[in-house]
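S.K.:
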Amino acid sequence: MELSPMELFQKEAPECAAAFNSLIQALIAREGLDQKTKQLIYIAMKTAMGDDRAVRAHLPMAKALGATREEMVDAVLLTLTVSGISGVLKVLPHIVEMYDTK
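So this is what it looks like as structure tokens:
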């Protein structure tokens, strides 16, 4: 069985992975934004970077926090002005599929 990129990171550099996980936890714990908004921002940033794998992992988290289809679509569409259409075309189908399939 092939390791995911994060599993490989944890295997090859456990001390760095632990430090990275601590950073993530510190960011999550900050209270300036609610968790749903943080997820939407993260989805937009990763869409702009073209990292649809990360986006696919975070879409269900955002939905569980109450993000609507329209909020997710808007977050993704905002990336058009900074990174063009490629990220939008990669991510939009995943949002539609998540909300259209029961």
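Going by numbering that gives the first Met the number 0, the sequence shown opens with residue 0, and the numbers climb by one from there. The beta-carbon is built from N, C-alpha and C at its ideal position, and this holds for glycine as well.
Rounded to the nearest angstrom, what separates Gln34 and Asp99 at their Cα positions?
M.R.: Their backbone Cα atoms lie some 24 Å apart in a straight line.
S.K.: At which residue ranges does the region 5-57 contain complete alpha helix (DSSP H) runs of 4 or more residues, listed in the order of the chain?
M.R.: List check, alpha helix (DSSP H) in window: 13-28 and 34-48.
S.K.: Would you please state the rounded distance, in angstroms, between the beta carbons of Asp51 and Val90? I believe it to be under 8 Å.
M.R.: Yes, Asp51 and Val90 are in contact; Cβ-Cβ is about 5 Å, under 8 Å.
S.K.: Just how far apart, CA to CA, sit His93 and Ala18?
M.R.: In a straight line, the C-alpha of His93 is about 30 Å away from that of Ala18.
S.K.: Expressed to the nearest angstrom, what Euclidean distance is found between the alpha-carbon atoms of Leu88 and Met0?
M.R.: Looking at the two C-alpha atoms, the distance is approximately 30 Å.
S.K.: Given a cut-off of 8 Å on the beta-carbon distance, is the pair Gly49 and Gly86 in contact?
M.R.: Yes, the Cβ-Cβ distance between Gly49 and Gly86 is below 8 Å.
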